[in-house]
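In the UniProt record's numbering, the protein residues as written are 1 to 161.
All C-beta atoms in this analysis are idealised placements derived from N, C-alpha and C, irrespective of residue type, glycine included.
To keep things clear, I will list the structure first and then write my remarks on it.
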Amino acid sequence: MNRFSSFSKFASARRPQPVAEVLGRTDAFAALRAGVEQIAALERDLAQLLPDYLASNVEPGFIKDGTLTLFAAHGALAARLRQVQDRLLSSLQQRGWPVRTLAVKIRLRDVQEPPAPKQARMSPAGAAALQALSRSLPPSPLQAALATMAERHGKSTDQKK
Numbered sequence: 001m002n003r004f005s006s007f008s009k010f011a012s013a014r015r016p017q018p019v020a021e022v023l024g025r026t027d028a029f030a031a032l033r034a035g036v037e038q039i040a041a042l043e044r045d046l047a048q049l050l051p052d053y054l055a056s057n058v059e060p061g062f063i064k065d066g067t068l069t070l071f072a073a074h075g076a077l078a079a080r081l082r083q084v085q086d087r088l089l090s091s092l093q094q095r096g097w098p099v100r101t102l103a104v105k106i107r108l109r110d111v112q113e114p115p116a117p118k119q120a121r122m123s124p125a126g127a128a129a130l131q132a133l134s135r136s137l138p139p140s141p142l143q144a145a146l147a148t149m150a151e152r153h154g155k156s157t158d159q160k161k
């Protein structure tokens with residue numbers, strides 16, 4: 001008998017298991033699973049009922065005593081959610097949700113840095129072609145815009161040399 005023999009019965013039980021299987025084993029986990037499934041179904045319905053900018057920034061809570069709590073990412077979204085509250089409540093009821101009222105609360109999220117603005121880069125050949133095109137056009141706003149763009153891109157490629 002080696003020093004690990006008493007743990008061998010636990011070693012075989014340590015294989016990876018699907019979450020659904022684990023959550024179905026006990027009553028407490030079964031209740032948790034039902035809650036998770038309810039939230040997931042609510043998220044799907046909210047994604048269909050709300051505009052994209054609202055749906056991606058609103059998280060549903062649990063339904064308690066006929067009241068569904070919705071958490072908005074910030075105050076402006078909460079205000080907009082309150083404006084569409086009656087329509088949303090009616091739509092949720094039509095889909096079979098046992099909801100009589102909605103409570104809107106704010107749950108602040110960390111601010112995500114906006115993506116860096118795109119910075120177009122033009123090759124020297126492209127800038128030269130743009131410059132030639134602007135020279136071939138009669139004076140007009142388009143001709144002036146093309147000349148300015150060609151000059152700006154021509155300078156940026158010259159500076160890198």
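Bridge partners of residue i, per DSSP?
| i | result |
| --- | --- |
| I63 | L68 |
| L102 | L68 |
| V58 | A72 |
Name the residue from the options whose alpha carbon lies nearest to the alpha carbon of residue i.
| i | options | result |
| --- | --- | --- |
| A78 | I39, G126, L50 and R33 | L50 |
| Q93 | T26, R82, R121 and L68 | L68 |
| Q85 | A76, A129, W97 and V104 | V104 |
| I106 | L146, G96 and A72 | A72 |
| I63 | E37, D45, P98 and E43 | P98 |
| A76 | A120, G61, G126 and L54 | L54 |
| S91 | A28, L46 and A147 | L46 |
| G66 | L89, S136, T148 and Q83 | L89 |
| L133 | T148, Q119, R121 and A120 | T148 |
DSSP on residue i, reduced to helix/strand/coil?
| i | result |
| --- | --- |
| Q48 | helix |
| A120 | coil |
| V22 | helix |
| P141 | helix |
| F17 | At residue 17 the sequence reads Gln, which differs from the Phe that was named. Q17 falls in the coil class under three-state DSSP. |
| G96 | coil |
| A40 | helix |
| R109 | coil |
Roughly how far, in whole angstroms, is the beta-carbon of residue i from the beta-carbon of residue j, given that I think they are within contact range, below 8 Å?
| i | j | result |
| --- | --- | --- |
| R33 | G24 | 7 Å |
| H74 | L108 | 6 Å |
| F29 | V36 | Between V36 and F29 the Cβ distance is about 10 Å, and since that is not below 8 Å, they are no contact. |
| A150 | A127 | 5 Å |
| V58 | L81 | 6 Å |
Would residue i pass as an interface residue toward chain C - the criterion being a Cβ-Cβ separation below 8 Å?
| i | result |
| --- | --- |
| A120 | No chain C appears in this structure, which consists of one protein chain only. |
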